[in-house]
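K.L.:
Let me begin by handing over the structure; questions about it come next.
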Amino acid sequence: MRSGWGRLVRRVEDKAPGRVEKISPAFTSQRCSACGHTDRESRESQAVFRCTACTFTLNADVNAARNIAAGHAVTARGGDGIIRPVNREPQLLASLTGCR
């Protein structure tokens, strides 16, 4: 059975034009989300990430997700990198009419 990832990407791009970023997952599971050190030995197992440089330990999937989100999630929602925006669609019509 085919997974349909291409179709999913197209549909999300249609729903949120200009807000979808395709991110390369290369080395995200080997890079420490705390210090940035990349080493394949840091990936102790499928589930455990322990940095060989700073000994930071975290679930391997959570560490990879943090690496993917680090420079992209904030800018995709219009943040400036310091103040994290609220993760919701803008309520433009309500703000223009004064309604809630």
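For what it's worth, our numbering labels the leading residue of the sequence shown as 22, then goes sequentially. All C-beta atoms, glycine included, are put in the ideal place defined by N, C-alpha and C.
(1) Using the three-state DSSP reduction, which class does residue 33 fall into: helix, strand or coil?
(2) According to DSSP, simplified to helix, strand and coil, what is residue 41?
(3) Residue 68 and residue 58: beta carbons closer than 8 angstroms?
(4) Rounded to whole angstroms, what is the Cα-Cα separation between residue 86 and residue 49?
(5) Which value, in whole angstroms, describes the spacing of the CA atoms of residue 24 and residue 63?
(6) Taking buried to mean at least 16 other C-beta atoms within 10 Å of its own C-beta, is residue 54 buried or exposed?
(7) When the distance is taken between beta carbons, is residue 88 closer than 8 angstroms to residue 61?
P.N.:
Here's the rundown:
(1) If DSSP states are grouped into helix, strand and coil, residue 33 belongs with the helices.
(2) Correct three-state label for residue 41: coil.
(3) In this structure, residue 58 does not lie closer than 8 angstroms to residue 68 by Cβ.
(4) Straight through space, the alpha carbons of residue 49 and residue 86 are spaced by roughly 8 angstroms.
(5) Computed Cα separation, rounded: 30 angstroms.
(6) Around the CB of residue 54, 16 or more other CB atoms lie within 10 Å, so the residue is classed as buried.
(7) Contact: no.
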